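Residues in the sequence shown are numbered from 507 upward in steps of one, following the numbering used here. By construction, the Cβ of each residue, glycine as well, lies at the ideal position given by its N, Cα and C atoms. Just so it is clear, the structure is predicted and the values come from calculations on it, not from any experiment. Below: one structure, written as structure tokens.
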Amino acid sequence: MRFNNLILKIFFITFFCACNNQEARKPVNSNKNYFLKQSAKKNKKLFSYEQKLIQKAIKNDSSFIYKKSKSGFWYTYLNETNNLKPKTGDKVKFNYFIQDLEKNILYKEKLDTITYFIDKEEILPGIREAVKVLSEGEIAVFLFPSYLCYGYQGDGEKVGVNQPLRFTINLLSINK
């Protein structure tokens, strides 16, 4: 009987202690800013490195004067005209080829004509901005940092990860 009494007392003590209000668990304080700071630091370092590579390519191509665009790429005209530039919604036709900064050809799309509606279709960010600085009949060389081309993934074939590229674009026509 004493044993049953003891078990009963333990049961009631446990029951009443278990009925206390549970305190809400406080979230684990992980530092989210650390990741963002590290990512920003890495991207600044990559940007600086790519700018050095582009400046080296410009220096090695000293027969042309390159201009810097507001979008972050550099370009020079091989054939410049005074024709009108395309505007949003205009249909343009162009061809291009892609090289690395050492002028090794990666892709030669020159035989294929690309049709693109300015700012209305998906296309590489660099090309989207580049065709806006060209007039009909112009040919230009563009030096793009990787974030305006294939970025941190590359294209899975010839374009590497975070690889700045050299595009030669020929704007064939503009239809309003």
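Using CA atoms only, rank isn't needed, just tell me which of the options is closest to residue i.
i, options, result
"Phe650", "Lys551, Gln605, Glu529", "Gln605"
"Asn668", "Leu607, Tyr581, Asp567", "Leu607"
"Phe673", "Gly595, Ile560, Asp596, Gln659", "Ile560"
"Asn549", "Ile571, Ala563, Gly657", "Gly657"
"Gln557", "Glu529, Phe570, Gly578, Ser568", "Gly578"
"Asn610", "Ala563, Lys551, Phe570", "Ala563"
Determine the direct distance from the alpha carbon of residue j to that of residue i, and round the result to whole angstroms.
i, j, result
"Val647", "Lys591", "17 Å"
"Leu708", "Pro533", "No answer is possible for residue 708: the residues shown for the chain start at 507 and end at 682."
"Leu678", "Lys599", "5 Å"
"Trp580", "Ser554", "15 Å"
"Lys576", "Ile633", "14 Å"
"Glu529", "Lys547", "39 Å"
"Asp661", "Arg531", "46 Å"
"Ile620", "Asn539", "43 Å"
"Ser568", "Asn589", "26 Å"
"Glu628", "Asn537", "36 Å"
"Ser652", "Asn585", "25 Å"
Spatial neighbours of residue i within its chain, please: C-beta separation below 6 Å, excluding the five flanking residues on both sides.
i, result
"Leu671", "Ile604, Phe650, Cys655"
"Thr587", "Ser641, Gly643, Glu644"
Can residue i be considered in contact with the ligand MG, in the sense that its beta carbon sits closer than 8 Å to one or more heavy atoms?
i, result
"Ser652", "Absence of the ligand MG from the depicted structure is noted, as is the absence of any ligand whatsoever, leaving it without description."
Quick one: what's got a C-beta closer than 7 Å to residue i's C-beta in the same chain, skipping five residues either side?
i, result
"Lys593", "Ile624"
"Lys626", "Gly595"
"Lys551", "none"
Measure the beta-carbon distance from residue i to residue j and round it to whole angstroms, keeping in mind my assumption that it falls under 8 Å.
i, j, result
"Ile675", "Tyr622", "In fact, because the Cβ distance is near 11 Å, the residues do not count as touching under 8 Å."
"Asp596", "Asn681", "7 Å"
"Gln583", "Lys664", "Position check: residue 583 holds Tyr in this sequence, whereas Gln was assumed. That pair is no contact at about 26 Å."
Taking 9 Å as the threshold (beta carbon to beta carbon), is residue i in contact with chain C?
i, result
"Ile564", "Going by chain labels, chain C is absent from the structure shown, which holds only one protein chain."
Can you list, in chain order, the residues of its chain with a C-beta nearer than 8 Å to that of residue i? Leave out the 5 residues immediately preceding and following it.
i, result
"Lys565", "none"
"Gln659", "Val667"
"Lys573", "Trp580, Tyr581, Thr582"
"Ile571", "Thr582"
Practice item. Check whether the region 536-550 touches the region 631-638, taking contact to mean three or more Cβ pairs, one atom from each stretch, closer than 8 Å. Key: no
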